[in-house]
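First the structure, in the form of structure tokens, and then the observations on it.
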Amino acid sequence: MACGSAEGPAGTVAPTAEEEARALLAPEAVLPPRAETVALADSVAIASSRAGTTARGAELALLAAELRTRLFRLDHAKADSSEALELYGAAATAFQAVGAAEAACDAERRRALLTGEVSQDASVTYRELYLVSRRHAALASRRADTAAAPAEGAPPARSACLGSIDVALAQSVAYRPSGDQMRALEEAGHRVEQSVLASTPTSASAQPIVASSAAPSSLTEPAPGGPVVLTTADPAADLVLAPRVVSKPAATLKIAAIERFGSEKAARVIIQLTAPARFKVGALPADEAAGKDARVFLDIAGATARGIAKEMEVGGALRRIRVGAQPDGSRVVLDLAASLHRRIYYLPDPFRIVVDVSTRPPARAEGTAEGPSQREVRRVVLDPGHGGADSGAVGPTGLKEKDVTLDIAHRAAPILARELKVETLLTRDTDTYVPLDMRAARANAFHADLFVSVHCNASEDGVARGVQTFSLDPARNPDRLSVRLAARENAAGRGALVATHEAELSAIVSGLNVGDLADRSRHLAVLLQRAALASLGPRYPETKDQGTKTASFYVLVGADMPAVLFETAFISNPEDEARLATADFRQKMADAVVNAVRAFREGK
1 MACGSAEGPA
11 GTVAPTAEEE
21 ARALLAPEAV
31 LPPRAETVAL
41 ADSVAIASSR
51 AGTTARGAEL
61 ALLAAELRTR
71 LFRLDHAKAD
81 SSEALELYGA
91 AATAFQAVGA
101 AEAACDAERR
111 RALLTGEVSQ
121 DASVTYRELY
131 LVSRRHAALA
141 SRRADTAAAP
151 AEGAPPARSA
161 CLGSIDVALA
171 QSVAYRPSGD
181 QMRALEEAGH
191 RVEQSVLAST
201 PTSASAQPIV
211 ASSAAPSSLT
221 EPAPGGPVVL
231 TTADPAADLV
241 LAPRVVSKPA
251 ATLKIAAIER
261 FGSEKAARVI
271 IQLTAPARFK
281 VGALPADEAA
291 GKDARVFLDI
301 AGATARGIAK
311 EMEVGGALRR
321 IRVGAQPDGS
331 RVVLDLAASL
341 HRRIYYLPDP
351 FRIVVDVSTR
361 PPARAEGTAE
371 GPSQREVRRV
381 VLDPGHGGAD
391 SGAVGPTGLK
401 EKDVTLDIAH
411 RAAPILAREL
421 KVETLLTRDT
431 DTYVPLDMRA
441 ARANAFHADL
451 FVSVHCNASE
461 DGVARGVQTF
471 SLDPARNPDR
481 LSVRLAAREN
491 AAGRGALVAT
501 HEAELSAIVS
511 GLNVGDLADR
521 SRHLAVLLQR
531 AALASLGPRY
541 PETKDQGTKT
551 ASFYVLVGAD
561 MPAVLFETAF
571 ISNPEDEARL
581 ATADFRQKMA
591 DAVVNAVRAF
601 REGK
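Rendered as structure tokens:
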């Protein structure tokens, strides 16, 4: 099974994603721009997920993990290390399930090494390797018990993987814990051994050890076929997307946090959970006689809400949030100022339920064709990428993406107001971090007509240059995944999107992009790309046109208006960085945004 192929020039067959990935792992290989490498790794990971718990699936998971590990060592992005750890675990599980004990051991060894590397603590590396060694020594011992007995007096053979772990432990003996810490580690190793020896051969080889603080594999498989669309008797319930399947309920499912953002006309609530969960949605009209507001409620099966405030005041369209215990879970109640339009959906890894309420209904699937006179653009939201502790990409001389994007937005906003009489909102006006989920929420609450997220691109080799624009993709080819660059680089503190959830996210996006929003977003992306090249042409004629693409960016998910992500230049390229550092270049990028909005409004 190939990860994907295509016809190249002159009828030649282009290499598959697997072949491209293997070629990039060669020591002399230079990685393409980060965006392309991420997409390639994701494509291989999806192929692995499709292959399932097979030798083929294990090999592809290991390949994707290695590519992610190389990216992490170059960019030090948390998203890369998180996905690599996840993929190593998946590879070990699949190898063990098919009886490839040596390969399973090696996958866990690599996972242990990366865990220590991420922590930047050699003692963590020692601990992880020690536990993997104890586990696989126990597995080898049990296999030996069921096999033919070795010659009398002959010690059991030590596998090559265990031998390499022994060498690594010997080399890091200086970081071996002592005293109580070593006794605790030995006890942990003993428990691992006993767990292996006490279990059946099948169950013992079914799961790799997860001994570190890094996130373990998800407790559920991706929902087959994507989410299911639920309906209620309440006509105001525009859309509800819930998981189709939650196959293995978590032992301790908790509501980790509830975030909220509200205005007079709209609001968003994000319910973060520690694992995927089933949930049901209901609604009740206002009861003036009893003094009760209109309500929408979510019953989350099996979830506890310890540590969550029982009542949270919000104000505006959403008056308050109330949380209470149920016999079989928890109920979250939203008290609304009126019977508002609603859209309720979930996002995977970290699993969270998103509730959008608004006085304005979302676009309808049967939306009418839009002519020039119908393109009212009165409000625009500019989203300067990154901010605060999240610097984004950093150029060779130290120029930070977060500073460039904020300056471009600050330049574009007054021109939009002055020349187009457009009301403009910035998702951040200073050097602060705004969570991904809240950026589109602010645009929805503002009732924006357009949403433009401003970023700088980056590549490993520093060679790639040029301008590129993205829109949200509702139906992506899983063998050639487009980029989720902004979503990954903005994921600080929220966890990274695991590759095995990609098909699920694509289905969710497909469900949310009702009407012609996707088409209008792609059209806006084309207009912005053209405007950028036209603005730069006279002064920077050699600017490379990287074109427009579609992808599932978290920052764009849930936007009620045409939304695009604008990669202004490659900050990793010395020449592009030098341009991004100048007021002239930034002004031309701001002009491009203004001209694209003007063209969109004029129906071009």
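In UniProt numbering, the protein residues as written are 1 to 604. Note that CB positions come from ideal geometry on N, CA and C, so glycine has one too. Predicted model only: the values in this text are computed from it and were never measured.
If you draw a straight line from the Cα of P177 to the Cα of D390, it is about 34 Å long.
Counting the other Cβ atoms within 10 Å of the Cβ of P384 gives 16 or more, which makes it buried. Below 8 Å, too few C-beta pairs join the stretch 307–319 and the stretch 395–410 to call them touching: fewer than three.
In chain order, L382, P384, L426, V454 place their CB closer than 7 Å to the CB of A409, counting only its own chain and leaving out the 5 sequence neighbours on each side. If the five residues before and after T37 are omitted, its C-beta is found closer than 8 Å to the C-beta atoms of L24, L31, L67, L71, E460, all from its own chain and listed in chain order. A distance below 9 Å separates the beta carbons of I321 and L334. The three-state reading of DSSP puts G99 in coil, since its state is none of H, G, I, E or B. One thing to note: A47 has its Cβ within 9 Å of the Cβ of L60.
For I344, the uninterrupted beta strand (DSSP E) segment begins and ends at 341–347.
The beta carbon of K402 lies closer than 8 Å to those of P384, G385, H386, G387, G388, D390, S391, G392, D431 in the same chain, with the five residues before and after it left out.
Closest option to V167, judged by alpha-carbon separation, among Y130, H190, L139, D180: Y130. If you draw a straight line from the Cα of G329 to the Cα of R34, it is about 42 Å long. Between A317 and G282 a beta carbon distance of about 19 Å is seen, past the 8 Å cut, so the two are scored as non-contacting. The stretch 49–91 contains, as complete alpha helix (DSSP H) runs of 4+ residues, the segments 55–75 (chain order). Taken through DSSP and simplified to helix, strand or coil, I415 comes out as helix. At a Cβ-Cβ threshold of 9 Å, R530 and A599 count as neighbours. Collapsing the DSSP output to three states places V454 in a strand. If you check the CB distance, R579 and Y540 come in under 9 Å.
Under a 10 Å Cβ-count criterion, G291 is classified as exposed, with fewer than 16 other Cβ atoms of the shown protein chains found around its own Cβ. Out of E542, F566, Q120, the CA that lies nearest to the CA of A551 is found in F566. Excluding residues up to 5 positions away in sequence, R586 lie with their Cβ nearer than 6 Å to the Cβ of D407 in the same chain. Counted as a single uninterrupted DSSP element, the beta strand (DSSP E) harbouring F261 occupies residues 253–262. Pairing A569 with D576, the inter-Cα distance amounts to about 6 Å. With a minimum length of 3 residues, the unbroken runs of beta strand (DSSP E) contained wholly in the stretch 521–598 fall at 545–551, 563–570.
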